[in-house]
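Novice: Residue numbers (our numbering): 1147 to 1514. Each residue gets a CB set at the ideal place from its N, CA and C atoms; glycine is no exception. Shown below is the structure under consideration.
Now the structure itself:
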């Protein structure tokens, strides 16, 4: 396995703010009132952003990006509204970065400052801490990370980009020589020929993969490669620094903090991973695994549940809206819920006729 430091192409000299995004998501959501005013919910405070309906929006865990009624692209972040451009072709919001395109021009909004990454970007991939794109003029695969631009691969000979597998703070890619490269914390590692990789999945600080011809199950974990199983798992999913999988014997297992743990010797009804949480069904019980602990949430598997930012929200058999938030279970509402979403550390839900509530830090806020 080859490991080497790569050259930093462009230091970003102008930094408007020296602090970083908080690790924990901000309490940001929004309301639309009966006059179509757009109000942002920011840690219990409401601020009017627009007096006309927006054309589009994406709400992330730390920022609210949208096109206003005139097509201007704006971002609300850290208590301020930023107007970024007069139009936008497409945009993506992650926990810490916002990437947007103006035709072929690619830009990034990072910690309240913006930067042009490329004037001729084709494919673009966005993680929480990394933006990866193919520069069609230079024929190079590049990455933006920690306010610097890195060159990942020179594809001048082929003129095309190969596969990219995006995680939150790590990316795997197939270089122009057919090797599987990993970009992690400013360095590239070579994991061997991509043709030998039967499958792979990328999360935060972790890549899980099956390598032929032996079909052994391995992880790239905080910069090191380790074997997990001698046999290919029946399925696997990755989150933030952990991987959950059903092994060849139908056991549900987790690899976390350099340790293997068998969660169940019975085959799960299902399992799903997001951030540092795994929800799963076992003998029709609805359960959650969080940082090495297992909690039973309900005696029935809900038809509707959502996960984000280490929060699980679901509707129980009685129709109540419930919340699991880092080892604590609460009932949010006893109303008949039409729909619900998780916005950062908030839960927004709708019921009745145009009634919207936001649940945040143990309090309920209404749109009336």
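Flag this pair as yes or no: are the beta carbons of residue 1351 and residue 1368 separated by less than 8 Å?
Specialist: A contact, by the Cβ cut-off of 8 Å.
Novice: For residue 1357, is the classification buried or exposed, using 16 other Cβ atoms within 10 angstroms of its Cβ as the cut-off for buried?
Specialist: Buried: at least 16 other Cβ atoms inside 10 Å.
Novice: Could you compute how far the alpha carbon of residue 1312 sits from the alpha carbon of residue 1271?
Specialist: C-alpha separation (whole angstroms): 7 Å.
Novice: Quick one: what's got a C-beta closer than 7 Å to residue 1446's C-beta in the same chain, skipping five residues either side?
Specialist: The answer, listed in chain order, is 1430, 1432, 1463.
Novice: To which residues of the same chain is residue 1224 closer than 7 Å at the C-beta, ignoring the five residues directly before and after it?
Specialist: Correct list, in chain order: 1258.
Novice: Check whether the stretch 1466 to 1479 touches the stretch 1433 to 1445, taking contact to mean three or more Cβ pairs, one atom from each stretch, closer than 8 Å.
Specialist: Touching, yes, given that three or more Cβ pairs across the two stretches are closer than 8 Å.
Novice: Between 1481, 1503, 1482, which lies nearest to residue 1489 when the distance is taken from Cα to Cα?
Specialist: That would be 1503, whose Cα lies nearest to the Cα of residue 1489.
Novice: Secondary structure at residue 1480, three-state DSSP: helix, strand or coil?
Specialist: Here residue 1480 sits in coil by DSSP.
Novice: Count Cβ pairs between the stretch 1409 to 1424 and the stretch 1380 to 1399 that sit closer than 8 Å; are there 3 or more?
Specialist: Contact between the stretch 1409 to 1424 and the stretch 1380 to 1399 is present, because at least three Cβ pairs lie under 8 Å.
Novice: Would you please state the rounded distance, in angstroms, between the beta carbons of residue 1221 and residue 1255? I believe it to be under 8 Å.
Specialist: The pair is a contact, with the Cβ atoms about 6 Å apart (cut-off 8 Å).
Novice: Mind checking who residue 1491 pairs with in its DSSP beta bridge?
Specialist: Beta-bridge pairing links residue 1491 to no other residue.
Novice: Compare the Cα-Cα distances from residue 1284 to each of 1294, 1267, 1292, 1278 and report the closest residue.
Specialist: Checking every option, the nearest Cα to that of residue 1284 belongs to 1267.
Novice: From the DSSP output, read off the bridge partner residues of residue 1403.
Specialist: Residue 1403 pairs with nothing; no bridge assigned.
Novice: Roughly how many angstroms lie between the CA atoms of residue 1305 and residue 1240, to the nearest whole one?
Specialist: Near 29 Å, if we compare the C-alpha coordinates of residue 1240 and residue 1305.
Novice: Mind pulling the alpha helix (DSSP H) runs of 4 or more residues that sit fully within the stretch 1318 to 1393?
Specialist: Within the stretch 1318 to 1393, no complete alpha helix (DSSP H) run reaches 4 residues.
Novice: Quick one: what's got a C-beta closer than 6 Å to residue 1286's C-beta in the same chain, skipping five residues either side?
Specialist: Hits under 6 Å: 1297, 1300.
Novice: In terms of residues, what are the limits of the beta strand (DSSP E) holding residue 1251?
Specialist: Element bounds for residue 1251: 1251 to 1256.
Novice: Who are the Cβ neighbours of residue 1487 in its own chain at under 6 Å, not counting the five residues just before and after it?
Specialist: Around residue 1487: 1494.
Novice: Please work out which residues of its chain come closer than 8 Å, Cβ to Cβ, to residue 1339, disregarding the five sequence neighbours upstream and downstream, and give them in chain order.
Specialist: Within the same chain, residue 1339 has close Cβ partners 1324, 1325, 1326.
Novice: Between 1506, 1510, 1453, which has its C-alpha nearest residue 1481's C-alpha?
Specialist: Answer by Cα proximity: 1510.
Novice: What does the Cβ neighbour count give for residue 1184, buried or exposed, with the cut at 16 atoms within 10 Å?
Specialist: Looking at its Cβ environment, which holds 16 or more other Cβ atoms inside 10 Å, residue 1184 is buried.
Novice: So, using beta-carbon positions, are residue 1264 and residue 1279 closer together than 8 Å?
Specialist: Yes, the Cβ-Cβ distance between residue 1264 and residue 1279 is below 8 Å.
Novice: Checking 8 Å against the spacing of the C-beta atoms, do residue 1491 and residue 1506 come in under that value?
Specialist: Cβ atoms of residue 1491 and residue 1506: closer than 8 Å.
Novice: Go ahead and label residue 1499 buried or exposed: buried means 16 or more other beta carbons lie within 10 angstroms of its beta carbon, across all protein chains shown.
Specialist: With fewer than 16 other Cβ atoms within 10 Å, it is exposed.
Novice: Looking at C-alpha atoms only, which residue of 1370, 1359, 1438 is the closest neighbour of residue 1390?
Specialist: Comparing Cα positions, the closest option is 1438.
Novice: Straight-line CA distance for residue 1373 to residue 1382?
Specialist: When rounded, the distance between both Cα atoms is 14 Å.
Novice: Enumerate, from N- to C-terminal direction, the unbroken alpha helix (DSSP H) stretches of 4 or more residues contained entirely within the stretch 1205 to 1290.
Specialist: Here no run is fully enclosed.
Novice: Go through its chain and collect everything with a Cβ distance to residue 1361's Cβ below 8 Å, but skip five positions before and after it.
Specialist: The residues are 1344, 1377, 1378.
Novice: Determine the burial state of residue 1233: buried for a count of at least 16 other Cβ atoms within 10 Å of its Cβ, exposed for fewer.
Specialist: Per the 10 Å Cβ criterion, exposed.
Novice: Count the other C-beta atoms from every protein chain shown that fall within 10 angstroms of the C-beta of residue 1314, then say buried if there are 16 or more, exposed otherwise.
Specialist: Buried.
Novice: According to DSSP, is residue 1169 helix, strand or coil?
Specialist: Interpretation of residue 1169 is limited by its pLDDT of 44, a score under 50 that renders its predicted location unreliable; the figure taken from the coordinates is listed afterwards. Note: residue 1169 maps to coil in three-state DSSP.
Novice: Apart from the five residues just before and just after residue 1484, which ones in its own chain have a Cβ nearer than 6 Å to its Cβ?
Specialist: Counting only Cβ-Cβ distances below 6 Å, and skipping sequence neighbours, we find 1496, 1497.
Novice: Roughly how many whole angstroms lie between the Cα atoms of residue 1282 and residue 1205?
Specialist: Taking the straight line joining both Cα atoms gives about 30 Å.
Novice: Tell me the DSSP secondary structure of residue 1497 in three-state form.
Specialist: Correct three-state label for residue 1497: strand.
Novice: My output table needs one value for residue 1314: the three-state DSSP class, helix, strand or coil.
Specialist: Correct three-state label for residue 1314: coil.
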